[in-house]
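Q: Here's a structure for you.
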Amino acid sequence: MPVDNNFIADQLSLLSKVMDIHSENSFKSKSYSIAAFTIEKLPEELSEIPAAKLSSIKGIGDSVAKKVSELLATGGLKELNSLIEKTPPGVLEMLNIKGIGPKKIATIWKEMEIESIGELLYACNENRLSLYKGFGEKTQKNVQESIELYLSSQSSFLFAQIETFALAMQEKLQSSFKDFVMLLTGDFRRHALTIYKLECVTTAPLAVLQKFFEKNNYEIIDASEEEAIFKTHTENVLLHFYISDTQNVYRNLFETSCSEEFLNEWVKRFSFSTSTFYKSEEEIFKKAGVAFIEPYLREKDYIIHLAEKNKLPNVIDVKDINAIIHCHSKWSDGGSTIENLAKAAIDKGFEYLVLSDHSKSAYYANGLNEQRIIAQHEEIDELNKKLKPFKIFKSIESDILNDGNLDYAPNVLSTFDIIIASPHTNLKMDEEKAMKRLLKAIENPYTSILGHMTGRLLLSRKGLTVDHKKIIDACAANDVVIELNANPRRLDMDWHYLDYCLEKNVLISIDPDAHAIKEFDIIKYGVYAAQKGGVIKENNVSSFSLKEFEAFVSKQQKKTGR
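What the sequence shown shows, in my numbering, is residues 6 to 567, in sequence order.
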């Protein structure tokens, strides 16, 4: 794993947490935690900064600078390794459970004598946690739900987490098995949001596969003449091979590249015999008399009906994105100045940028109060004169408060070009309360875009429980756009409801929610999710030209009489 800023931040954050579990020096622990937060937001890689200058960076003192130098030189921390050796693996694993921080984990370990997540779940089921100070019934229930969510997602990865590994593995397999077919298939080929295993159709026989993976110290999970599953030790990735003869390769590739719903409908509608020899996937579609359907669209059965009528959508592509909508600067919790964000956007060929720093209720993210908004808008005005024809639009990511109100009074909201309204806190309220909250925000005439509507974090936080169709209906009625947050941990809204958005003529906006310039590139993951829902560029606001977006802003402002 490369020793980049993210790795350094993760290691320092882990050191801080493990120190707290062991009740080590709290001042040092806090300094490592603060440094981790700072480093994650830095626009420049620490590996490119001279060692002598590390301690001069704000938030990084001499002590942290030494740790950074150690990480850059060795890839590890002796102090962290020493503490980890003293800690049961199950106790460290508890750091993955939402709702319990290091100090609560210390209590669980040292007072309750629980050393694994399985034991902890059992204790929750027996209401034992609520007997201890700091653990009420609500906390116990939250911990129980978090453990269940965590256990259900073991060995699963975000698409973005496994993408580089998967492509490298594909290249390795193709070069190592030159005499055999090796084709990636399954969830990865369909661009699923989360990946449980990497799947591959191959003509390599079992004995050849076993010899190769045993030589490379991979664990054999299951093996037969038809299928074989191996596990990498370092990455903890399952590799599932479908062993095929040459004649059935493309039939197997097709079958393993479709969702169950799609495949069942296909088999029902077309003659798809296991005895038929196909020379390519394209031939399968040709013999069925329908247009070729890309793997990422092979999810819902209605796509087959569109293909029969030759009406498949010309889905959006990364090159169709014309702007960065929803990004954060140093004014709140971003890592770059507004000018640097704008110049980076210009360098990447974008026409405009919509700056959406956090609002004042997000105190934890240095949200903007009314006075700072005025100062920021003055800076934007000056930059727009300087950078013309490129344009920076004034926006804010306004917290949707618990009662559904936005974070500022109308006279303040009216100073922005558009408002992105997002939920950030209290994401465990029941569906009835969550719906009232979001619907009120949608009905607010100042709301232009509904940001990451559930607040979910894939594989770690469920987010608000909502009725997606009612939300979409409300957005249609109030001319509100729905964000498809491209952060690979969010990808919120859920792509499964995009077809209903299109049916109701509700625009979406694929936005990176970038907190650093390098995060502009994650917009591709939002595009991948949008493709699965059949979105075309005309349905997406961040594909608008500058002129089209100015017209969009004007239309939004008319809702409030501006």
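Glycine included, each C-beta is placed from N, C-alpha and C at the ideal position.
Could you give the first and the last residue of the continuous beta strand (DSSP E) run that contains serine 361?
A: Where serine 361 is concerned, the enclosing beta strand (DSSP E) stretches over 357-363.
Q: What residue from Pro210, Leu198, Asp192, Phe170 has the CA that sits closest to valine 186's CA?
A: Looking at the Cα atoms, Pro210 is the closest of the given residues.
Q: Could you tell me which residues DSSP puts in a beta bridge with valine 206?
A: Paired residues: Leu188, Tyr247.
Q: Return the residue from the list Val242, Leu258, Glu240, Asp227 that minimises the CA-CA distance to cysteine 205.
A: Nearest option by C-alpha distance: Leu258.
Q: With distances taken between CB atoms, is the gap from valine 359 to isoleucine 423 smaller than 8 Å?
A: Contact: yes.
Q: On a CA-only basis, which of Lys177, Lys143, Glu543, Trp500 is nearest tyrosine 570? Give me that one, please.
A: No answer is possible for residue 570: the residues shown for the chain start at 6 and end at 567.
Q: Got a sec? Which residues, its chain only, sit under 8 Å from lysine 475 by beta carbon, not counting five neighbours each side?
A: The residues are Met440, Leu444.
Q: Anyone know if the C-beta pair for tyrosine 369 and leucine 411 falls short of 8 Å?
A: Not in contact: tyrosine 369 and leucine 411 (Cβ atoms no closer than 8 Å).
Q: How would you call glycine 538, buried or exposed, if buried means at least 16 neighbouring beta carbons within 10 angstroms?
A: The residue in question, glycine 538, is buried, as its Cβ has 16 or more Cβ neighbours within 10 Å.
Q: Could you check if serine 361 is buried or exposed, using at least 16 other CB atoms within 10 Å of its CB as the buried criterion?
A: Answer is buried; the Cβ neighbour count reaches 16.
Q: Contact between the segment 12-26 and the segment 69-77 is defined here as three or more beta-carbon pairs at a separation below 8 Å; is this criterion met?
A: They touch, by the three-pair rule.
Q: Provide the residue(s) that pair with leucine 373 in DSSP beta bridges, ordered along the chain.
A: Leucine 373 pairs with Ser364.
Q: Phenylalanine 140 to valine 148, Cα distance in whole Å?
A: Using only the alpha carbons, I get a separation of about 10 Å.
Q: Measure the alpha-carbon distance for lysine 3 versus threonine 430 and round it to whole angstroms.
A: This structure leaves residue 3 out entirely; the chain is present only between 6 and 567.
Q: Per DSSP, what kind of secondary structure is phenylalanine 398 in: helix, strand or coil?
A: In the structure shown, phenylalanine 398 sits in a strand (DSSP, three-state: E or B).
Q: When the Cβ atoms of the segment 289-309 are set against those of the segment 324-333, are three or more pairs found closer than 8 Å?
A: With the cut-off at 8 Å, the segment 289-309 and the segment 324-333 do not touch.
Q: Report the three-state DSSP secondary structure of lysine 552 (helix, strand or coil).
A: Three-state result, lysine 552: helix.
Q: Just to confirm before moving on: does the CB-CB distance between serine 121 and glycine 95 stay below 8 Å?
A: It is a contact, given that the beta carbons lie within the stated cut-off.
Q: What separation, rounded to the nearest whole angstrom, lies between the Cα atoms of asparagine 253 and leucine 189?
A: One C-alpha to the other measures close to 15 Å.
Q: Using alpha carbons as the reference points, say which of Pro394, Leu373, Asp435, Asp497 lies closest to isoleucine 351.
A: The shortest Cα separation from isoleucine 351 among Pro394, Leu373, Asp435, Asp497 belongs to Pro394.
Q: Would isoleucine 225 and phenylalanine 235 be called neighbours here (beta carbons separated by less than 8 Å)?
A: The answer is yes: Cβ separation under 8 Å.
Q: At the level of alpha carbons, what is the spacing between lysine 138 and lysine 58?
A: Answer to the nearest angstrom: the Cα atoms are 45 Å apart.
Q: So, phenylalanine 267 versus isoleucine 321, is the Cβ gap smaller than 8 Å?
A: No.
Q: In angstroms, rounded to a whole number, what distance separates the CA positions of lysine 564 and isoleucine 425?
A: Distance between the alpha carbons of lysine 564 and isoleucine 425: 15 Å.
Q: Could you tell me the distance, in whole angstroms, from the CA atom of arginine 303 to the CA atom of asparagine 221?
A: Computed Cα separation, rounded: 34 Å.
Q: Taking 8 Å as the limit between beta carbons, can you name the residues of its chain near glutamate 260, skipping five residues before and five after?
A: For glutamate 260, where only same-chain residues beyond five positions count, the Cβ hits under 8 Å are Leu268.
Q: Kindly confirm or deny that the segment 332-341 and the segment 515-530 touch, where touching means at least three C-beta pairs closer than 8 Å.
A: A contact exists between the segment 332-341 and the segment 515-530.
Q: With the cut-off set at 8 Å, would you say proline 107 and lysine 33 are in Cβ contact?
A: No, they are not a contact pair.
Q: Between the C-alpha atoms of leucine 76 and isoleucine 44, what's the straight-line distance to the nearest angstrom?
A: Distance between the alpha carbons of leucine 76 and isoleucine 44 is about 13 Å.
Q: Ignore the nearest five residues each way along the sequence and tell me which others in proline 493's own chain have a CB closer than 7 Å to its CB.
A: For proline 493, where only same-chain residues beyond five positions count, the Cβ hits under 7 Å are Leu163, Phe164, Ala165, Ile527, Tyr530.
Q: Below 8 Å CB to CB, which residues in the same chain sit around isoleucine 89 once its five sequence neighbours on both sides are set aside?
A: So the qualifying residues of the chain are Val23, Leu97.
Q: Have a look at asparagine 545 and glycine 456 and give me their C-alpha separation to the nearest angstrom.
A: Their Cα atoms are separated by approximately 14 Å.
Q: With DSSP run on the structure shown, which of helix, strand or coil describes leucine 156?
A: Three-state result, leucine 156: helix.
Q: CA-CA distance, lysine 273 and alanine 293?
A: Spanning the two alpha carbons is a distance of roughly 12 Å.
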